[in-house]
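Quick note: the sequence shown, position 183, residue 188 per this note's numbering, numbers continuous.
To start, the structure itself, in structure tokens.
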Amino acid sequence: MSTKFSIIGGDLRIIKLAQILAKDGNEIFTYGLDKAKELKNENIVFCDTLNEAIESSEIIIGPIPFSSNGIEINAPFSDEKIEIKDIIHNSNGRMIIAGAINKDVYEMQKNEDEECIKIVDIMNREELAVLNTISTAEGTIELMIANTNKILHGAEVLILGFGRVAKTLANKINALSAKVTCAARKEKDIAWIKTYGYKETNINELSNEKLQKYDFIINTVPKLILNEELLSGIKKECLVIDLASKPGGIDRKSAKEKEINYIWALALPGKIAPVTTAEFIKDTIYNILRKR
């Protein structure tokens with residue numbers, strides 16, 4: 006059975022999602038994607054107003070991340086400024102599915118007098134979070150190869166954290182014959198690191214001396230880990246990649262001042278594999294709708 010979706014704003018992966026959903030026979034009504042000319046399709050309608058897009062649909066799909074400033078949604082393929090409150094106000098009880106939704110949006114929802122709205126943060130879905138680690142890991146490896154003059158075989162690699170992304174990344178880098186060390190705080194994570202056969206270190210015991218040996222340091226922890234003092238221990242040839250969401254885990258100002266080879270690689274899945282990521286998002290949306 007086809008579903009009527011309104012797709013409001015979003016980046017390239019949301020554009021690809023619209024195409025995939027339309028190909029599946031769903032009806033798609035868009036707003037805030039007027040510059041996405043590739044969406045010209047008999048099953049995709051470009052609406053003139055936000056209200057028209059919402060009123061034509063059953064489910065509202067928003068961007069990932071939903072907003073960068075807490076006021077307007079992310080809509081890089083439009084010149085329109087689409088405010089979150091307008092989407093909430095016009096939703097009239099429809100489910101809103103988006104990603105990385107700030108808690109203020111839920112407070113905004115509570116203040117509405119309209120019929121109860123169900124807001125789903127798709128990035129909290131375990132299946133999508135796990136699948137996204139694949140493209141994040143592959144994108145990281147691409148950055149590692151493109152931004153140094155070293156090969157990964159035999160390289161000393163330190164991964165900070167041992168969550169979903171770190172686990173997948175360590176596995177793939179290890180398969181390329183790099184020497185992988187993972188840093189974690191929890192005893193159970195240290196135990197799992199040993200079980201997988203990687204070298205382990207306690208993230209609280211990092212020192213300039215320990216950091217000196219690494220060719221690559223990759224952070225996955227969204228909390229300051231590499232401060233100005235620790236950055237002083239990194240050798241000049243080391244590539245530092247921060248995969249953590251804001252505020253990140255590396256002192257960016259100090260990294261710049263010390264001329265460290267540093268990359269803050271946000272939202273890699275959407276940048277390096279928008280089609281695959283869109284497929285993952287589509288499957289997750291279908292899972293959500295089956296359990297409505």
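We treat Cβ as the ideally placed atom computed from N, Cα and C, and that holds for glycine.
Nearest-angstrom beta carbon gap, residue j and residue i [assumed within contact, 8 Å]
i, j, result
"residue 133", "residue 286", "7 Å"
Cα-Cα separation, residue i to residue j
i, j, result
"residue 42", "residue 57", "19 Å"
"residue 103", "residue 71", "6 Å"
"residue 254", "residue 110", "25 Å"
"residue 188", "residue 35", "44 Å"
"residue 37", "residue 154", "41 Å"
"residue 290", "residue 8", "11 Å"
"residue 205", "residue 50", "53 Å"
"residue 100", "residue 64", "5 Å"
"residue 174", "residue 231", "19 Å"
"residue 264", "residue 210", "24 Å"
"residue 4", "residue 177", "Within the shown structure, residues of the chain are numbered from 6 to 297, placing residue 4 beyond reach of any answer."
Cross-strand partners of residue i (DSSP beta bridge)
i, result
"residue 189", "207"
"residue 195", "According to DSSP, residue 195 bridges with nothing at all."
"residue 224", "165, 247"
"residue 113", "Its beta-bridge partners do not exist; DSSP assigns none."
Cβ-based burial, residue i [other Cβ within 10 Å; buried from 16]
i, result
"residue 138", "buried"
"residue 226", "buried"
"residue 18", "buried"
"residue 75", "exposed"
"residue 84", "exposed"
"residue 29", "exposed"
"residue 295", "exposed"
"residue 191", "exposed"
"residue 217", "exposed"
"residue 283", "buried"
Residue i: CB within 8 Å of a non-hydrogen atom of the ligand NAP
i, result
"residue 111", "No copy of the ligand NAP occurs in the structure displayed, which carries no ligand at all."
7 Å Cβ shell around residue i - same chain, five flanking residues per side excluded
i, result
"residue 106", "71, 124, 126"
"residue 293", "102, 125"
"residue 305", "For residue 305 there is no data in the structure shown, the boundaries of the chain being 6 and 297."
Residues near residue i by beta carbon distance below 6 Å, same chain, minus five either side
i, result
"residue 66", "10, 12, 102"
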